[in-house]
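**Student:** Numbering (our numbering), first residue to last: 12 to 331. Backbone N, C-alpha and C fix where the C-beta goes; we use that ideal spot for every residue, glycine too. Once you've had a glance at the structure underneath, I'll fire off some questions.
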């Protein structure tokens, strides 16, 4: 508003003095002062001075306001809400509503896409341990086995030491091996007229009780034929490399004690006649209860003299 009034005053003054309104205030003031004094009245001079002071005051005020604006106004800050180039408001709104994405560097799937494996079902552990019942069954009862062995004693002896060389002694035999053979008779995997009929009426617990009873007894000491002992020992401990016969010691041990964990039987002190009969049954494929035909593959390579020698040596083995 003040600037408008000033312009009007300048135009009026210019018209009064016959000067160009486009001349600057300073030029007009200087020109007015250079004119003869008689051309100016006191009233004209007062108007000119007032106009000059007004223009100078407006210029100074405008300069002060500009300086204040330059000092006070802070520099322009970037708008944090402004969208980056190429992103519309709709895109920003959609991005804001999306949930954070956790990526697998290999599958690029979110956790919701992955299927967690089901939790394993709880397993009840019986009192005394999970295998307590199985261990009782595996061990059997020697007392119960003694009562059940009355029928067996007719052939195998009251304490498991048979008196007939054609019938095996069971004293000291590994329990697992006894159970394994009774099961083979029951299933027909091993054939014998008498033993097949005897095994049919036995339960698994009966078998384990009988095995527990016989394994606790000590086998009787027997002797080997001196004339066959040397050859028998060579075959037992070293086999026969020329014919491919494996050494018996590998499975039955240095003293004929066998291997309970693998169900390899005790052969120490066993009747040589019985052992020879079983080797012949393996060789002719009459007995097939050996895993992976292990004994059949060996027995078929032995001649009669070798069978007699090695079985005699086993009969005379000692534990020490």
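Tell whether a beta-carbon distance below 8 Å holds between residue 247 and residue 324.
**Tutor:** yes
**Student:** Within the same chain, show all residues whose beta-carbon is closer than 7 Å to that of residue 129, passing over the 5 residues directly before and after it, in chain order.
**Tutor:** Bear in mind that the predicted position of residue 129 carries a pLDDT of just 40, short of 50, making it unreliable; the figure below should be weighed with that in mind. No residues qualify anywhere along the chain.
**Student:** Rounded to the nearest angstrom, what separates residue 218 and residue 186 at their Cα positions?
**Tutor:** 9 Å
**Student:** So what does DSSP say about residue 172, is it helix, strand or coil?
**Tutor:** When DSSP states are grouped into helix, strand and coil, residue 172 belongs to the coil group.
**Student:** Three-state secondary structure (DSSP) at residue 311?
**Tutor:** Shown here, residue 311 sits in coil according to DSSP, grouped into three states, outside any helix or strand.
**Student:** In this structure, how does DSSP classify residue 321 when only helix, strand and coil are distinguished?
**Tutor:** Correct three-state label for residue 321: helix.
**Student:** Which stretch, first to last residue, makes up the alpha helix (DSSP H) that contains residue 290?
**Tutor:** 283-294
**Student:** So, at 8 Å on beta carbons, what are the nonlocal neighbours of residue 197 in its own chain, with the 5 sequence-adjacent residues on each side left out?
**Tutor:** 207, 210, 211 and 213
**Student:** Does the Cβ of residue 305 have 16 or more other Cβ atoms within 10 Å, making it buried, or fewer, making it exposed?
**Tutor:** exposed
**Student:** Residue 278 by DSSP, collapsed to three states: which one?
**Tutor:** In the structure shown, residue 278 sits in coil (DSSP, three-state: anything other than H, G, I, E or B).
**Student:** Using the Cα positions of residue 189 and residue 275, report the straight-line distance between them to the nearest angstrom.
**Tutor:** 11 Å
**Student:** Going by beta carbon distance, what residues of the same chain come within less than 7 Å of residue 263, once the five residues before and after it are set aside?
**Tutor:** 269, 275 and 278
**Student:** Can you give the beta carbon distance from residue 230 to residue 288, rounded, assuming they're within the 8 Å contact cut?
**Tutor:** Residue 230 to residue 288, Cβ: 18 Å. No contact.
**Student:** According to the neighbour-count rule (16 or more other Cβ atoms, all chains shown, within 10 Å of its Cβ), is residue 244 buried or exposed?
**Tutor:** The residue in question, residue 244, is buried, as its Cβ has 16 or more Cβ neighbours within 10 Å.
**Student:** Roughly how far, in whole angstroms, is the beta-carbon of residue 280 from the beta-carbon of residue 232, given that I think they are within contact range, below 8 Å?
**Tutor:** 6 Å
**Student:** Since residue 193 contacts residue 320 with CB under 8 Å, what's their CB separation in whole angstroms?
**Tutor:** Actually they do not touch by this definition, with Cβ atoms about 30 Å apart.
**Student:** Thinking residue 227 and residue 153 are a contact (beta carbons under 8 Å), I'd like their distance in whole angstroms, please.
**Tutor:** 6 Å
**Student:** Could you round the C-beta distance between residue 283 and residue 326 to whole angstroms and report it? I think they count as a contact, below 8 Å.
**Tutor:** So it is a contact: roughly 4 Å between Cβ atoms.
**Student:** List the whole-angstrom C-beta distance separating residue 307 from residue 201, where the pair is believed to meet the contact cut-off of C-beta under 8 Å.
**Tutor:** Going by Cβ atoms, the distance from residue 307 to residue 201 rounds to 13 Å, so no, they are not a contact pair.
**Student:** Which residue comes first and which comes last in the alpha helix (DSSP H) that contains residue 239?
**Tutor:** Taken as a continuous stretch (DSSP letters only), the alpha helix (DSSP H) holding residue 239 covers 237-249.
**Student:** Tell me, please, which residues DSSP counts as bridged to residue 303.
**Tutor:** In DSSP, residue 303 forms no bridge with anything.
**Student:** Taking Cβ to Cβ, would you say residue 256 is nearer than 8 Å to residue 318?
**Tutor:** no
**Student:** List, from N- to C-terminal side, the alpha helix (DSSP H) runs of 4 residues or more that fit wholly inside the stretch 158-205.
**Tutor:** 164-167 and 186-198
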